[in-house]
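Enquirer: Take a look at the following structure, please.
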Amino acid sequence: MKDANKGCAKHWKYLFLSVAIAVLITEVLLGGVHSSMAAVRPPIAVTIATTDKIVVGQQMTVQVVLQAGDLQDVSFKLIIPEGWLFVGGHASWSGSLQAGQPVKFEAIVIPSMQDPEDIRGTLKVPGWNQTEWRMQMEGGAE
């Protein structure tokens, strides 16, 4: 009976390892973790911020700063959710980043409701997962 139990235990161990390896291979082939949960981000500092207070119907300026080493084919796009109206400036940028030369641009938005969803941005860099960034509110709501 002991030999039968050892054989059964080996079978289950083999089955468990096979499943674990299959899951690992699937994760690698399908791109792994969703970008918003990824621990590793591209080597870029992204800031989306405003110092304006959120006042329904009042124009606000959102500043975006991208800073990195030398990177080609970078693209960034603001996601303006429901509750905001984009009225001017730039909502996206694409190009090359050079070390020591930050890229800065502004978007003009108007909140159309109290406590609107956060403005976000998506960053695409070849060879990296797409990442998402949230706006920092320094002014708060009024």
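Numbering (the working numbering), first residue to last: 1474 to 1615. Note that beta-carbon positions come from the ideal geometry of N, C-alpha and C, so glycine has one too. Bear in mind that the values here come from a model prediction, so they are computed numbers and not experimental data.
Compute the Euclidean distance between the alpha carbons of P1515 and P1575, then round it to the nearest angstrom.
Expert: Numbered from its first residue, the sequence shown carries residue 1515 at position 42. Numbered from its first residue, the sequence shown carries residue 1575 at position 102. Distance between the alpha carbons of P1515 and P1575 is about 15 Å.
Enquirer: On a CA-only basis, which of L1570, W1601, V1528, G1600 is nearest V1424? Give me that one, please.
Expert: Outside the displayed range of the chain (1474 to 1615) lies residue 1424, so it cannot be described from this structure.
Enquirer: Give me the Cβ distance between Q1609 and A1522, rounded to the nearest whole Å; I'm assuming they're in contact under 8 Å.
Expert: For the purposes of this step, residue 1609 is taken as residue 136 along the sequence shown, with counting starting at 1. For the purposes of this step, residue 1522 is taken as residue 49 along the sequence shown, with counting starting at 1. Confirmed, about 4 Å.
Enquirer: If we ignore side chains and look at the alpha-carbon of each, how far apart do V1513 and P1554 end up?
Expert: Along the sequence shown, one-based indexing puts residue 1513 at 40. Along the sequence shown, one-based indexing puts residue 1554 at 81. Going from the Cα of V1513 to the Cα of P1554 covers about 26 Å.
Enquirer: Can you tell me whether K1526 is helix, strand or coil according to DSSP?
Expert: Along the sequence shown, read from residue 1 onward, the residue named residue 1526 stands at position 53. Looking at K1526 - three-state DSSP - the assignment turns out to be coil, as it is neither helix nor strand.
Enquirer: Provide the residue(s) that pair with M1533 in DSSP beta bridges, ordered along the chain.
Expert: Position 60 of the sequence shown, counted from the start, is the residue given in the question as residue 1533. According to DSSP, M1533 bridges with V1582.
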